[in-house]
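Here is the structure we will look at, set down as structure tokens.
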């Protein structure tokens with residue numbers, strides 16, 4: 001669980017070829033026997049599962065290992081995980097299908113069967129990789145059953161597995177007794193999945209990474225230590241140059257790159273102190289300040305150059321002869337809130353370039369580095385200390401490699417907290433113009449949303465692959481979940497003078513805030529209960545309607561009238577559905593004070609309900625902390641401040657209740673659910689409590 005040699009995601013391929021046609025994705029240790037491409041069993045019966053996803057705190061090591069162990073019939077207390085070796089198996093067709101690379105032509109220089117699209121992001125992990133992990137478990141189970149059956153003289157199909165034991169009509173053999181013989185067998189032509197989940201799938205099993213994190217033994221990128229290693233701190237520009245004019249102090253070396261300056265020393269504190277005292281100058285784009293950002297968004301919103309991402313019916317006809325209700329909304333840029341300081345380590349020796357980095361796209365980063373030199377390159381993907389999303393496109397690995405080549409020594413680059421913020425690739429700021437025509441019967445005849453912003457995920461992928469990022473992609477929009485006959489969603493790409501990047505939940509939070517706040521406005525203007533209006537519009541979305549009905553029952557919905565302090569928000573995103581009832585008011589000094597959040601989730605078939613609950617709760621807390629903090633400010637394309645918001649202490653958290661509805665649907669994503677609905681529900685609660693509509697994020701209720 002500490003250091004591995006590959007990671008990624010994938011979608012199930014036909015069993016008929018992949019287990020025998022692909023090399024193993026796991027190197028067995030001493031006393032371990034490999035059963036199929038990705039599971040090893042030791043002499044003591046311990047099961048080791050190769051997990052292709054990067055652990056960012058979302059619990060994916062546990063969820064994917066749970067899927068494999070369930071099919072295998074393992075005992076959970078005997079299961080451990082290691083990062084998977086690189087393989088074409090881990091390509092993520094969900095990422096491609098959801099628009100991650102559709103606008104980036106250069107990615108096609110790497111064929112899909114070479115494993116280029118190994119990405120841990122966009123809440124695709126369970127959806128893409130659970131079928132593959134189940135087939136890994138089924139392959140190993142088939143080998144164990146065949147070995148046991150040969151000893152008993154029975155048919156392998158009559159044998160079953162559970163709790164680490166193969167059984168047949170009262171006979172039993174443990175995995176440890178069978179592993180060596182099973183490993184010598186040829187994989188069968190078929191290894192059918194269990195007709196229904198076994199004992200492990202769907203259970204709130206404890207996380208595999210919880211104990212090593214509690215003990216402090218789980219190593220992150222900043223924990224790597226190598227003989228003879230030197231440490232580097234960094235200053236970067238944003239699209240310009242960086243320069244230091246003063247000589248370094250004794251024991252420190254300054255090295256400059258195209259847009260950065262590094263200080264190298266025997267310890268990181270000395271390197272950082274040297275940079276702090278040297279007065280490094282950074283030269284970014286002219287006009288990369290707050291006024292330029294606002295101007296770019298306004299220009300895009302008012303331009304005629306917009307792409308229609310979604311259309312239904314005829315909005316122009318719906319608005320013909322009437323003046324639709326209109327409102328403008330905005331969301332400021334958002335900083336990453338990861339706890340881990342960005343760090344990467346590189347070592348070059350004997351023609352082998354080794355890189356240790358916390359990256360959500362390890363194979364893309366490895367290939368990008370390998371293209372810069374002749375060495376054989378290996379990247380060890382480290383666990384990521386936070387789900388903010390910065391690790392998708394962090395460029396420290398490339399800088400660490402440059403420094404290692406120049407110095408001939410292992411180099412670890414780590415950003416200070418201040419530099420982490422200053423050079424942060426932010427979530428794109430957005431502006432929206434909303435138009436709707438409500439009808440007397442409670443229906444909505446027409447709906448138009450025009451957005452201005454950029455696609456931060458596309459920008460991150462472009463930095464990895466070399467290409468141009470485009471406008472906001474349709475697949476990442478919080479599409480309107482309501483039965484409105486005439487809809488148009490338009491996007492105008494803004495030329496922002498700041499760096500943007502991938503974030504947890506991407507644009508779902510602000511887009512849901514725009515949609516759900518505007519719908520709430522329509523309800524209150526028409527004198528309707530916000531719940532009744534939503535239910536009337538959800539005839540075509542029964543799963544979301546069920547979530548909403550249950551959430552309002554649990555939350556004690558009081559009608560949402562003036563002074564009620566309660567607000568609603570719903571979303572259908574990532575193949576999942578969520579409804580949230582929030583109770584909130586303004587505290588001392590005008591601070592936003594949510595006191596109760598009740599969420600109901602339908603995310604299809606659940607691998608581990610504890611992980612789902614953790615993700616929703618964490619998303620709610622993080623989103624509200626960000627919605628209540630000051631917006632970042634910019635100068636020359638770099639962030640001036642403030643520091644990213646930290647979640648309030650446990651005693652200051654609102655009461656949170658999350659209920660997960662049973663569902664037979666395919667698994668959906670959950671990572672962005674809580675962050676999608678929290679700002680909208682709390683904003684709607686504040687509108688009820690104060691009579692003032694907040695149309696911008698972060699909240700500024702006293703403005």
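In UniProt numbering, the protein residues as written are 1 to 703.
Ideal Cβ placement from N, Cα and C applies to all residues, glycine included.
- Per DSSP, the unbroken beta strand (DSSP E) holding residue 434 starts and ends at 430–438.
- Under the three-state reduction of DSSP, residue 334 is assigned to strand.
- Residue pairing by DSSP places residue 596 opposite 583 and 655 in a beta bridge.
- Within the stretch 238–315, the complete beta strand (DSSP E) segments at least 3 residues long are 241–243, 253–256, 260–265, 281–283 and 307–312, listed from N- to C-terminus.
- Just so you know, the alpha carbons of residue 560 and residue 566 end up roughly 6 angstroms apart.
- Per DSSP, the unbroken beta strand (DSSP E) holding residue 635 starts and ends at 633–635.
- About 7 angstroms separates the beta carbon of residue 85 from that of residue 26, a gap short enough to meet the 8 angstroms contact definition.
- Per DSSP, reduced to three states, the secondary structure at residue 25 is coil, with no helix or strand assignment.
- Just so you know, the alpha carbons of residue 206 and residue 373 end up roughly 43 angstroms apart.
- Within a 10 Å sphere around the beta-carbon of residue 461 sit 16 or more other beta-carbons, which makes this residue buried.
- Counting the other Cβ atoms within 10 Å of the Cβ of residue 507 gives 16 or more, which makes it buried.
- As DSSP reads the structure, residue 449 sits in a beta bridge with 434 and 489.
- Residue environment: residue 214 is assigned as exposed (fewer than 16 neighbouring CB atoms within 10 Å of its CB, all protein chains considered).
- Distances from the CA of residue 353 to each of 334, 362, 376 and 363 were compared; the closest alpha carbon is that of 376.
- Excluding residues up to 5 positions away in sequence, 313 lie with their Cβ nearer than 6 angstroms to the Cβ of residue 485 in the same chain.
- DSSP, reduced to helix, strand and coil, places residue 441 outside both helices and strands of the structure shown, so it counts as coil.
- Straight-line spacing of the CA atoms in residue 499 and residue 198 works out to 47 angstroms.
- Judged by beta-carbon spacing, residue 337 lies within the 7 angstroms limit of residue 388, meaning their Cβ atoms are closer than that value.
- Under the Cβ criterion (8 angstroms, minimum of three pairs), the stretch 540–557 does not count as touching the stretch 641–650.
- Between the stretch 63–75 and the stretch 158–177 there are three or more C-beta pairs closer than 8 angstroms, enough to call the two in contact.
- The beta carbons of residue 698 and residue 627 sit closer together than 7 angstroms.
- In this structure residue 260 touches residue 399 by the C-beta definition: roughly 6 angstroms separates them, less than 8 angstroms.
- As a beta-bridge residue in DSSP terms, residue 39 pairs with 49.
- If you check the CB distance, residue 413 and residue 447 do not come in under 7 angstroms.
- Secondary structure of residue 509 (DSSP, three-state): helix.
- Taking every protein chain shown into account, the CB of residue 350 has fewer than 16 other CB atoms within 10 angstroms, so this residue is exposed.
- Excluding the 5 residues flanking it on each side, residue 66 has same chain C-beta neighbours closer than 7 angstroms at 200, 201, 205, 607 and 608, in chain order.
- Per DSSP, residue 60 has no beta bridge partner at all.
- Here residue 576 carries a strand assignment [DSSP, helix/strand/coil].
- In the three-state reduction of the DSSP assignment, residue 82 falls in the strand class.
- Put simply, the stretch 360–372 does not touch the stretch 426–435. Fewer than three CB pairs are less than 8 angstroms apart.
- Straight-line spacing of the CA atoms in residue 255 and residue 362 works out to 26 angstroms.
- Ranking 272, 278 and 263 by CA distance to the CA of residue 245 puts 278 first.
- Around the C-beta of residue 304, fewer than 16 other C-beta atoms lie within 10 Å, and the residue is accordingly described as exposed.
- Taking the Cα positions, residue 532 is about 58 angstroms away from residue 371.
- Residue 426 and residue 307 have their C-alpha atoms roughly 23 angstroms apart.
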